[in-house]
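The structure appears below as structure tokens.
In full-length UniProt numbering, the protein residues as written are 1 to 324.
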């Protein structure tokens with residue numbers, strides 16, 4: 001039997017229940033994957049709460065790693081026994097085993113454990129497209145990055161520094177300042193919506209930032225816009241505090257002909273070749289020591305509600321993985 005996390009309706013972490021279901025034979029193009037580690041991401045929390053809708057009832061989770069136990073007809077890119085990982089849908093990673101499309105599996109390098117792969121791939125691909133596609137970060141780029149002490153923030157900060165950027169890290173509490181400095185941030189600010197823009201202007205000697213990466217949403221959006229130089233880019237890619245209020249187009253003009261985007265992982269990984277290229281870039285960065293798959297917490301699959309509560313409550317200081 002297979003343990004699977006399901007939700008029948010949205011709400012608090014306790015809406016997640018564990019069901020026992022039978023194993024399935026893989027169909028054409030599919031594999032049966034015995035999972036060894038499952039990545040937990042804030043998108044999972046948003047889907048559980050209903051802020052990012054899912055058809056219900058549903059499973060949860062978009063990232064996992066394990067071994068191929070069986071393959072369906074037409075599968076040629078993997079074989080039984082291969083160590084593989086994935087970081088996109090279909091949803092349902094919170095399970096001890098599952099069916100999964102073979103074409104979206106990525107081989108795990110020998111130097112990486114399944115836990116490390118499950119901790120880094122989803123966040124790594126997110127960092128990769130944000131830093132290399134949404135805004136091509138390079139030498140001379142000045143960026144503002146929220147959530148530096150978290151799992152995604154740690155990857156983005158170190159990768160951005162490797163690319164040559166000047167990184168202004170934003171943390172939610174003073175206790176995280178040293179963590180952000182250790183990651184290489186050139187300046188670190190504890191979030192204060194009233195003073196943020198002035199502080200960024202002072203740090204940059206009035207030039208402000210080329211790009212702001214904001215996963216917070218409602219409470220930070222206006223302050224983030226005010227941190228940008230003329231023709232700077234606002235990247236709103238999350239909403240942990242709720243969705244930002246609607247923006248008048250004239251506001252972007254008034255603040256300096258700003259650009260605004262709301263990107264998603266799905267739009268950057270739907271094409272299989274693009275998905276694999278981004279995943280390969282992430283794993284190459286790990287092997288080169290540019291980014292590290294730092295694991296903050298390991299939870300049994302049965303402890304999934306506690307894992308969500310700790311992530312949602314801001315307790316985590318790195319990646320969280322579930323162990324089936």
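For each residue, glycine too, the CB sits at the ideal point set by N, CA and C.
Asked	Found
Just to confirm my understanding: we take residue 244, look at its own chain, exclude 5 residues before and 5 after, and list those with CB closer than 7 Å. What are they?	217, 218, 221 and 236
Excluding five sequence neighbours on each side, which residues of the same chain lie with their C-beta closer than 7 Å to the C-beta of residue 149?	171, 176, 179, 180 and 317
Quick check on the DSSP output: what are the complete alpha helix (DSSP H) runs of length 4 or more inside the stretch 217–272, in order along the chain?	221–225 and 249–254
Residues in the same chain with beta-carbon distance under 7 Å from residue 240, minus the five sequence neighbours each way, listed in chain order, please.	42, 215, 216 and 217
Evaluate residue 147 with the Cβ neighbour count: other Cβ atoms within 10 Å of its Cβ, from every protein chain shown; 16 or more gives buried, anything less gives exposed.	buried
Please say whether residue 6 and residue 59 have beta carbons closer to each other than 7 Å?	yes
What number of angstroms, rounded off, separates the C-alpha of residue 313 from the C-alpha of residue 116?	23 Å
How far does the alpha helix (DSSP H) with residue 154 in it extend, from its first residue to its last?	151–162
Considering only the alpha carbon of each residue, which of 90, 92, 252 and 248 lies closest to residue 232?	252
State the Cα-Cα distance for the pair residue 84 and residue 131, rounded to the nearest angstrom.	25 Å
By DSSP, does residue 66 sit in helix, in strand, or in coil?	strand
Within 8 Å, do at least three Cβ pairs link the stretch 97–108 to the stretch 269–280?	yes
Tell me whether residue 56 is buried or exposed, calling it buried when 16 or more other Cβ atoms sit within 10 Å of its Cβ.	exposed
With distances taken Cα to Cα, identify the nearest neighbour of residue 134 among 99, 280, 211 and 225.	211
Can you tell me whether residue 285 is buried or exposed, with buried defined as 16 or more other CB within 10 angstroms of its CB?	buried
Quick check: the Cα distance between residue 308 and residue 40, rounded to an integer number of angstroms?	8 Å
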